[in-house]
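Under the numbering used here, the first residue of the sequence shown carries the number 1, and numbering increases by one thereafter.
Here a beta-carbon is modelled for each residue, glycine too, at the ideal position from N, C-alpha and C.
Just so you know, these numbers come straight off a predicted model, no measurement behind them.
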Amino acid sequence: MADPDFFTKARTFTLEELAQITGSRVVNSVPDKEVTDVSSLDQAGSTHVSFFENIKYKDSFLTTKAGACFVSEKMVPHAPQGLALLVSASPYKAYARAAQAFYPDVKPEAGISQAAHIDKGADIGEGCTIEAGVVIKEGVKLGKNCWVEAGAVIGRNVMFGDHCRIGSHATISHSHIGNHVRLYPGARIGQDGFGFAIDPSGHIKVPQLGRVIIHDHCEIGANTTIDRGAGPDTIIGAGSWIDNLVQIGHNVKIGRGCIIVSQVGISGSTELGDFVAMGGQSGAAGHLKIGAGARIAAQSGLMRDVPAGEEYMGSPAVPIRQFMRQVAKLAQLVKSKASNK
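So, in structure tokens, the structure goes:
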């Protein structure tokens, strides 16, 4: 359960209200039964709602003390007696919507702190909240209802759409950013790309003359860095979510709805199609093309293009079935060598 020191609950809900919010249907209970909070299966009490989707947690589901639970249709016959069910095609997604209803992301009251430093040439939209220590430079355009947290710095001529949230101590330069974008604390957007000509007498910096373009409904994690392009822009497609501590190089193009997990590194000019997923600590060399819907396993190292819809694993990364065959063959060789001693 959420700690009330840090999270404020909106109100209680009936099962019928939760069903409407989440697109679920109520089974094994009256619709007007009240639910007071969300919780995990093992910590839930009789007035809490939880969810069950991963079979790994079957035992917790069978012994839970929760009053209600989001489940799939196939799990209805296996539910503990007396447990109210909210049946959904995607129980985890339904639970997420319920948790958002209980704990909405509430923006502070609009207003500009006297301790903020805003250039007179900046255009601040209606309903914005700007906290202490923020620096907003000349030519910045901030859309309606944005929230800029303490210590953030927005560089000259940067543009934000409406309903954006900029985390504390984030820095943004050379960027055009859409609507409903969230930058988490410490994000570095629009810095110089790592572009230089190698020379024995001293490397020569190549001016980075592009921008960062972030489309609508993106999330950029804490301490993630997105370099601006060298000439072409670095582009993050609509609805892509990027975890903490990710490095995205200059000229990279990321499609719609991509998921990029912590500590991924994407080298310059690599392109990701729509809905690509890259697991934690995976990396891509420069100038690659990763097709739409491809999935890259954690700690994989990509050194060649990946066709759309394929799953790759290993370093250097290969199709996942090929990787598994290699691992199995290696295990056989080790076993054979050991048995011959």
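Residue i versus residue j: straight-line alpha-carbon distance, rounded
i    : j    : result
H203 : A99  : 52 Å
F323 : L142 : 48 Å
E126 : D5   : 30 Å
D119 : V87  : 53 Å
A331 : K337 : 10 Å
I177 : P232 : 16 Å
P185 : I130 : 15 Å
A222 : I214 : 16 Å
Y103 : G293 : 32 Å
D305 : N28  : 51 Å
E73  : M1   : 26 Å
F51  : Y95  : 6 Å
T64  : A79  : 10 Å
L333 : I242 : 40 Å
L183 : G139 : 20 Å
Delimiting residues of the alpha helix (DSSP H) encompassing residue i
i    : result
G339 : In the sequence as presented, Gly is not what sits at residue 339; that position holds Ser. I320 to S339 is the extent of the alpha helix (DSSP H) around S339.
A343 : The structure shown does not extend to residue 343, since the chain is modelled only from 1 through 341, so no value can be given for it.
D59  : K58 to T63
R188 : Counting along the chain, R188 falls outside any alpha helix (DSSP H), though it belongs to the beta strand (DSSP E) covering R188 to Q191.
T12  : Here T12 belongs to no alpha helix (DSSP H), and DSSP marks it neither H nor E.
Supposed contact pair residue j and residue i - C-beta distance, whole angstroms, cut 8 Å
i    : j    : result
E34  : T22  : Actually they do not touch by this definition, with Cβ atoms about 16 Å apart.
A44  : A66  : 4 Å
G280 : V252 : Incorrect: roughly 18 Å between the Cβ atoms, too far for contact.
E149 : I166 : 6 Å
A284 : L302 : 4 Å
Sub-7 Å separation of residue i and residue j beta-carbons
i    : j    : result
H287 : S269 : yes
D227 : G249 : yes
T14  : D32  : yes
A122 : V134 : no
S168 : G155 : no
S315 : I296 : no
G195 : V212 : no
C258 : L272 : yes
A19  : V30  : no
Q247 : G265 : yes
I220 : A187 : yes
A238 : D216 : yes
A170 : A152 : yes
C218 : V158 : no
G190 : Q208 : no
A317 : G291 : no
Limits of the beta strand (DSSP E) - the one that residue i falls within
i    : result
R25  : R25 to V27
Y95  : Note, Y95: premise wrong, no beta strand (DSSP E); alpha helix (DSSP H) at P91 to F102.
I214 : V212 to I214
A68  : A68 to V71
H48  : H48 to F51
M1   : Counting along the chain, M1 falls outside any beta strand (DSSP E), and DSSP gives it neither H nor E.
E311 : E311 to M313
I226 : T225 to D227
Q: Examine the Cβ distances between the segment 101-113 and the segment 78-91 and report whether three or more of them are shorter than 8 Å.
A: no
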